[in-house]
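As structure tokens, the structure follows; a few thoughts come after it.
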């Protein structure tokens with residue numbers, strides 16, 4: 838199940854996320870944010 842959250846971001850973060858979206862060829866900023874968070878959480882899990 839997916840849940841929705843609303844976040845406020847600065848313009849600088851918006852620009853950086855937009856650049857990352859283009860670099861990764863993703864469709865939307867929320868998709869970029871999900872990808873980045875997922876990657877960060879998978880790296881932080883103990884092995």
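In this note's numbering, the protein residues as written are 838 to 884. Where a beta carbon is used, it is the ideal one built from N, C-alpha and C, also for glycine.
- Per DSSP, the continuous alpha helix (DSSP H) segment holding residue 859 begins and ends at 848-861.
- A straight-line Cα-Cα distance of about 24 angstroms links residue 851 and residue 879.
- Leaving aside the five residues that flank residue 869 on each side, the residues in its chain whose CB is nearer than 7 angstroms to its CB run, in chain order, 854, 857, 858, 861, 863.
- Residue 877 sits in a helix when the DSSP states are folded into three classes.
- Inter-residue distance for residue 845 and residue 881 is about 25 angstroms (C-alpha atoms, whole angstroms).
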